[in-house]
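Working notes, structure below.
In our numbering, the protein residues as written are 3 to 118.
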């Protein structure tokens, strides 16, 4: 599930990058005269490449952050919950400071306290 979500996000980002580049080129063709457009072809290509790299890099950083802080703790939390169910001993779940699901885990801990 996680890997498919990451792949989907990367594919959407790549499609958006291509669309942004095409849109930028069309925009330049409307405001620049054809002779200047030919002279500036290298600059336009470099600017498009840099834009694509920047947006792609930002997308990768966001995906990495999301998977680390939101999806990352899930396997451990599932394992801890399964151990509680198997042993019958209920204890609070722990999260790292940077985990974004801390509020949800606090609610689950409240439920665990009520059940035990």
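All C-beta atoms, glycine included, are put in the ideal place defined by N, C-alpha and C.
Item to check | Residues near residue 58 in its chain [Cβ-Cβ closer than 8 Å; skip 5 each side] | outcome: 15, 16, 19
Item to check | CA-to-CA distance, residue 110 to residue 97, given in whole angstroms | outcome: 12 Å
Checklist entry - Taking the C-alpha atoms as reference points, what is the distance between residue 50 and residue 101? => result So the two alpha carbons sit approximately 35 Å from each other.
Item to check | Proximity below 8 Å, CB of residue 114 to CB of residue 92 | outcome: yes
Checklist entry - Three-state secondary structure (DSSP) at residue 97? => result In the three-state DSSP reduction, residue 97 falls in the coil class, being neither helix nor strand.
Item to check | Beta-carbon proximity list for residue 27, same chain, < 8 Å, skipping 5 on both sides | outcome: Contacts found: 46, 50.
Checklist entry - Buried or exposed: which applies to residue 36, given that a residue is buried once 16 or more other Cβ atoms fall within 10 Å of its Cβ? => result exposed
Item to check | Residue of 86, 43, 70 minimising C-alpha distance to residue 103 | outcome: 70
Checklist entry - Are residue 79 and residue 56 touching if we call contact CB-CB under 8 Å? => result no
Checklist entry - Grouping DSSP H, G and I as helix and E and B as strand, with all else coil, what is residue 21? => result helix
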